[in-house]
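Colleague: Same order as they appear, the protein sequences are chains L and P. All letters in the first sequence, in the order written, are residues 24 to 375 by my numbering. All letters in the second sequence, in the order written, are residues -1 to 315 by my numbering. Note that beta-carbon positions come from the ideal geometry of N, C-alpha and C, so glycine has one too.
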Amino acid sequence: MTIIDKTADVPASRGSTDGGGPLLDVRDLHVEFKTRDGVVKAVNGVNYSVSAGETLAVLGESGSGKSVTAQAIMGILDMPPGRIPQGEILFRGQDMLTMGYEERRKIRGQKIAMIFQDALSSLNPVLSVGYQLGEMFRVHQGLSKKDAKAKAVELMDRVRIPAAKERVDDYPHQFSGGMRQRIMIAMALALEPDLIIADEPTTALDVTVQAQVMDLLAELQREYNMGLILITHDLGVVADVADKIAVMYAGRIVETAPVHELYKRPAHPYTRGLLDSIPRLDQKGQELYAIKGLPPNLLKIPSGCAFNPRCPKAQDVCRTDVPALLSVTERDGGELPGRRSACHFWKEQIHG
Amino acid sequence: MPEALEATVKDGTPVAPDAQVKAADAAKAEKPRSLWSDAWHDLRRNPLFVVSAILIVFLLTMSAFPGLFTSADPRHADLAKHYLQKPNWGNLFAEDWFGYDVQGRSIYARVIYGARASIAVGVLVTLLVTVIGTVTGMLAGYFGGWIDTLLSRVTDIFFGIPFILGAMVVLTSFEQRHVWVVILALAFLGWTQIARVARGSVITIKQADYVMAAKALGASTSRILLRHILPNAIAPVIVVATIALGGYISAEATLSFLGIGLEAPTVSWGVDISSGQEQLRNAAYVLIIPSIMVSITVLAFIMLGDAVRNALDPKLR
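(1) My output table needs one value for residue 260 of chain L: the three-state DSSP class, helix, strand or coil.
(2) Entirely within the segment 168 to 226 of chain P and at least 4 residues each: give me those alpha helix (DSSP H) ranges in chain order.
(3) Here's a check: name, in chain order, each residue in its chain whose Cβ is nearer than 8 Å to the Cβ of residue 216 of chain L, leaving out the five neighbours to either side.
(4) Can you name the start and end residues of the alpha helix (DSSP H) that residue 146 of chain P belongs to?
(5) Given a cut-off of 8 Å on the beta-carbon distance, is the pair residue 314 of chain L and residue 300 of chain L in contact?
(6) Assuming residue 93 of chain L and residue 252 of chain L form a contact by the criterion Cβ under 8 Å, report the distance between their Cβ atoms to the nearest whole angstrom.
(7) Residue 207 of chain P versus chain L: which residues are under 7 Å apart at the beta carbon?
(8) So who's on the other strand from residue 267 of chain L, going by DSSP bridges?
(9) Which chain L residues are close to residue 291 of chain P, counting only those with a beta carbon under 9 Å from its beta carbon?
(10) Can you confirm whether residue 301 of chain L, when its beta carbon is compared against all beta carbons of chain B, has any partner nearer than 8 Å?
(11) Sort out for me which residues DSSP pairs residue 261 of chain P with in a bridge.
(12) Cβ of residue 39 of chain P less than 8 Å from any chain L Cβ?
(13) Given a limit of 7 Å on CB to CB distance, which residues of the segment 153 to 170 of chain L reach chain P?
(14) Give the secondary structure of residue 102 of chain L by DSSP, where H, G and I count as helix, E and B as strand, and everything else as coil.
(15) Excluding the 5 residues preceding and the 5 following residue 278 of chain P in the sequence, name in chain order all residues of the same chain whose CB lies nearer than 7 Å to its CB.
(16) In terms of alpha-carbon separation, which member of P:264, P:186, P:137, P:303 lies closest to residue 233 of chain P?
(17) Quickly, what does DSSP pair residue 137 of chain L with across the bridge? List them, please.
(18) With residue 211 of chain P and residue 153 of chain P assumed to form a contact (beta carbons below 8 Å), what rounded beta-carbon distance in angstroms separates them?
(19) Using a Cβ-Cβ cut-off of 6 Å (strictly less than) and excluding sequence neighbours within five positions of residue 310 of chain P, which residues of its own chain qualify?
(20) Where does the unbroken beta strand (DSSP E) through residue 252 of chain L begin, and where does it stop?
(21) Using 8 Å as the threshold, is the segment 249 to 256 of chain P in touch with the segment 215 to 234 of chain P, meaning 3 or more CB pairs across them?
(22) Is it true that the segment 91 to 108 of chain L meets the segment 46 to 57 of chain L, where meeting means three or more beta-carbon pairs spaced less than 8 Å apart?
(23) So, under 8 Å CB-CB, residue 142 of chain L and residue 206 of chain L are touching, yes? Tell me the CB distance rounded to an integer number of Å.
(24) Does the Cβ of residue 126 of chain L have 16 or more other Cβ atoms within 10 Å, making it buried, or fewer, making it exposed?
(25) For residue 352 of chain L, list the residues DSSP reports as bridge partners.
(26) Whose C-beta lies closer than 6 Å to the C-beta of residue 330 of chain L among residues of the same chain, with five residues either side of it excluded?
(27) Evaluate the contact criterion for the segment 100 to 119 of chain P versus the segment 167 to 181 of chain P: three or more CB pairs, one atom per stretch, below 8 Å.
(28) Closer than 8 Å, CB to CB, is residue 149 of chain L near chain P or not?
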């Protein structure tokens, strides 16, 4: 499997990059879990990179390995049963997988922070919101209780929680879902990290609140010039926010592309299927397309291309050879920067 | 769609500013409530808790300041007034209220002074057991792997020793058995139940998202254990400990009755029950009065434990 080039094929990123290299570079990452039934291969050679100020959306169904990749980056995988047999996770060129525990802990929160899906269960129910926000400053910056609280109020204002001063001593269950997610964002933002990983930050929210939270996240990202990895299964969420998209299937990246290119001309049948299954107003009354079949059992991933049993275009070669993630070009061989596809028949897919 | 409307109102930003002001006012008027303040709110309204708390405060006062309740000396023996001089039931709170025991000591005074030893044993054993059990259970539950295997097997070994039998074996090996010896012996054998409860509770809590979130935001292991896991995992431990406290008091009485708990110069209910058995036929009250005190105390602590459990986890009711 080839490695995604660093910044060379990144489309106009919104910020400057540090010395040209990407902020985070995941190379050939494998993650597996030992279970009673055998080894579950959750991630099978993922490559992606993010630069400062850039947003990468990682897209995929449940079980495609997108969250596991994120947890491996954060170093919060349960090991055992989890295991990282090979791969590198380079943060500013340093491999985090070979770092010591303390060294890694110092990166968490200060350099890379994470936003979780369910904000209610991600906040400690017995501690007030102000305490939890302030904790970041007390632990990492050694501020006094009073200063930390003042900072907490400031942060809550930043993420636009009304009446922050009055609510700073409230407990998580006293906030609405959208407000709680803002608090999670504030916590992740507290130490102004270089990179934020948002694991389905809006899935637990209703649609109106989803848009507000996404806008807030995008705005803060621009302001702090952070890298952002947005993990989601919702194509609608990413369209406005992301710079580039990586589509995952069965622990592999099957397609990468700048966001609008992907919507316009998908180069992998799986991406095509995902796009076709978005409900659209002009198709009212028609049956909604669905990708037939089920996501593969990670205990026994199909041979060849993992998507072959569900693929409408599958040929014999798809059942035997694993397609590599290769550059996609125009019909005349012209370069399409940042576009790669892991399909034997990408040409047919993209050019009709 | 009323639901959608409500959601936007709650969220504040897109709706009219007066809604925000209202929310702020509401927040001001109502003090924030945590799990513990919620529990306290429930407890104050629970008659079970009120009754047991009054009893316990009364018993604690008795053990701290026995002089407030009687001027008689529990160790003063006047053989002229032995148990054949019947109790003077009408003479409330007087030296001869409950009569005298075989050595002519005031039973009333002994019951008052006996509270100290019994309650000291109950409270201190519970404290020790809670500390040992919580630390063991928390380490085993959080770290898992070989640490868990080791600590859990040690717990199992201690769990396998019958409590009273084990205490008998330990205590008979001491020449002098004053209060501390009994406390340490009971704590040495009693921590396993708390350790198991704490371990189970920690295993549940450690999988909570907020523990992962704390980890992801760079919290150290000790901070995760003390700030995030302990306060959330402690509730069942407190419940078990409160209920067990009564059990330790009755264990002390049992051991003293068998003659291997506290010993004569120490004034305790168990010692008095033990010496009272000799006159069971002609002066049953010598045995019954300290027994009633043990029962009331045990009942008070078990009731408190029940009330605390209901307040901390209403689902267990």
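Modeller: According to the structure shown:
(1) For the purposes of this step, residue 260 of chain L is taken as the residue at position 237 of the first sequence. Judged by DSSP in its simplified three-state form, residue 260 of chain L adopts helix.
(2) Runs of the alpha helix (DSSP H) spanning 4 or more residues and lying entirely within the segment 168 to 226 of chain P occur at 177 to 188, 190 to 204, 207 to 214, in chain order.
(3) Stepping through the first sequence from its first residue, residue 216 of chain L is reached at position 193. 132, 133, 134, 135, 136, 249, listed in sequence order.
(4) Your numbering for residue 146 of chain P matches position 148 in the second sequence. Counting along the chain, the alpha helix (DSSP H) containing residue 146 of chain P begins and ends at 143 to 158.
(5) The sequence position of residue 314 of chain L within the first sequence is 291, counting from 1. The sequence position of residue 300 of chain L within the first sequence is 277, counting from 1. Cβ distance < 8 Å, so residue 314 of chain L and residue 300 of chain L count as in contact.
(6) The residue given as residue 93 of chain L occupies position 70 in the first sequence. The residue given as residue 252 of chain L occupies position 229 in the first sequence. Confirmed, Cβ separation roughly 7 Å.
(7) On the second sequence, residue 207 of chain P is found 209 positions in, with the first residue counted as 1. What residue 207 of chain P touches in chain L, judged by beta-carbon distance under 7 Å, is 139, 141, 144, 145, going in chain order.
(8) Taking the first residue of the first sequence as position 1, residue 267 of chain L is located at position 244. The partner list for residue 267 of chain L (beta bridge, DSSP) reads L:79, L:281.
(9) Within the second sequence, residue 291 of chain P is the residue found at index 293, counting from 1. Going along chain L, no residue has its Cβ under 9 Å from residue 291 of chain P, so there is no contact; the nearest lies around 37 Å.
(10) In summary, chain B is missing from the structure at hand, where the protein chains are L and P.
(11) As a first step, residue 261 of chain P must be located in the second sequence, where it is residue number 263. Bridge partners of residue 261 of chain P: none, in fact.
(12) The residue labelled residue 39 of chain P in the question sits at position 41 within the second sequence. False, the Cβ-Cβ gap to chain L never drops below 8 Å.
(13) Correct list: 159, 162, 163.
(14) For the purposes of this step, residue 102 of chain L is taken as residue 79 along the first sequence, with counting starting at 1. Coil at residue 102 of chain L, not helix or strand.
(15) Here residue 278 of chain P refers to the residue found at position 280 when the second sequence is read from its first residue. Excluding positions up to five away in sequence, the list reads 285.
(16) As a working note, residue 233 of chain P is residue 235 in the second sequence. Ranking P:264, P:186, P:137, P:303 by Cα distance to residue 233 of chain P puts P:303 first.
(17) Translated into positions along the first sequence, residue 137 of chain L becomes position 114. For residue 137 of chain L, DSSP records a beta bridge to L:220.
(18) Indexing the second sequence from 1 puts residue 211 of chain P at position 213. Indexing the second sequence from 1 puts residue 153 of chain P at position 155. In this structure, residue 211 of chain P and residue 153 of chain P do not form a Cβ contact; the two beta carbons are roughly 30 Å apart against a cut-off of 8 Å.
(19) Position 312 of the second sequence, counting from 1, holds the residue named residue 310 of chain P. The residues are 37, 233.
(20) As a first step, residue 252 of chain L is located in the first sequence; it is residue number 229 there, counting from the start. Note, residue 252 of chain L: beta strand (DSSP E), 250 to 255.
(21) Segment contact: the segment 249 to 256 of chain P against the segment 215 to 234 of chain P, fewer than three CB-CB distances shorter than 8 Å; contact not assigned.
(22) Under the three-pair Cβ rule at 8 Å, the segment 91 to 108 of chain L counts as touching the segment 46 to 57 of chain L.
(23) In the first sequence, the residue the question calls residue 142 of chain L occupies position 119. In the first sequence, the residue the question calls residue 206 of chain L occupies position 183. Contact holds; Cβ gap of about 7 Å.
(24) Taking the first sequence and counting its residues from 1, one reaches residue 126 of chain L at position 103. By the neighbour-count criterion, in which 16 or more other beta carbons inside 10 Å mark a residue as buried, residue 126 of chain L falls on the exposed side.
(25) On the first sequence, position 329 is the one that residue 352 of chain L refers to. In DSSP, residue 352 of chain L forms a bridge with L:358.
(26) Your numbering for residue 330 of chain L matches position 307 in the first sequence. Same-chain partners within the cutoff: 272, 293.
(27) With the cut-off at 8 Å, the segment 100 to 119 of chain P and the segment 167 to 181 of chain P touch.
(28) Your numbering for residue 149 of chain L matches position 126 in the first sequence. With 8 Å as the cut-off, residue 149 of chain L counts as an interface residue toward chain P.
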